[in-house]
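Novice: Basically this note's numbering = 1-based index in the sequence shown + 146. Backbone N, C-alpha and C fix where the C-beta goes; we use that ideal spot for every residue, glycine too.
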Amino acid sequence: MTDTPSSSADRAHHRKPSLNIQLVFQDKVIPMRLRPYTSAQKIMDTALQMWHLEPGLVRFVYGGQRIREYDTPEKLNMEDGDQVDVMVEQYGGSSP
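1. Can you name, in chain order, every residue of its own chain whose Cβ lies under 7 Å from the Cβ of Tyr237, other than the five neighbours on each side?
2. Name the one or two DSSP bridge partners that Tyr216 has.
3. What separation, rounded to the nearest whole angstrom, lies between the Cα atoms of Ala186 and Glu200?
4. Pick helix, strand or coil for Gln211, following the three-state DSSP scheme.
See below:
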């Protein structure tokens, strides 16, 4: 016999719980509920659509590190209630 779950109740018990996080851009906050394996690309696309922003204009930062499209909350060790900062992308450096 194997130890695989046999009923839908058993399978639901083995799923990872969802996380509640907040995306913060300037004075706007988007609360999000997501699974630990949700791709950051999906999170970013949702936020950009809600804020009517073009891709490439902002960056997403968690714990001081830039979030990449292939990251997941699980990979980033996010916990329930964490905050992701969304910042305007800045290019350049100094003037002559």
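Specialist: Short version:
1. Along the sequence shown, read from residue 1 onward, the residue named residue 237 stands at position 91. Nothing meets the Cβ criterion.
2. If you number the sequence shown from 1, residue 216 lands on position 70. Answer by DSSP bridge pairing: none, since Tyr216 is not bridged.
3. As a working mapping, residue 186 is identified with position 40 in the sequence shown. As a working mapping, residue 200 is identified with position 54 in the sequence shown. About 16 Å.
4. Translated into the one-based positions of the sequence shown, residue 211 becomes position 65. Gln211 falls in the strand class under three-state DSSP.
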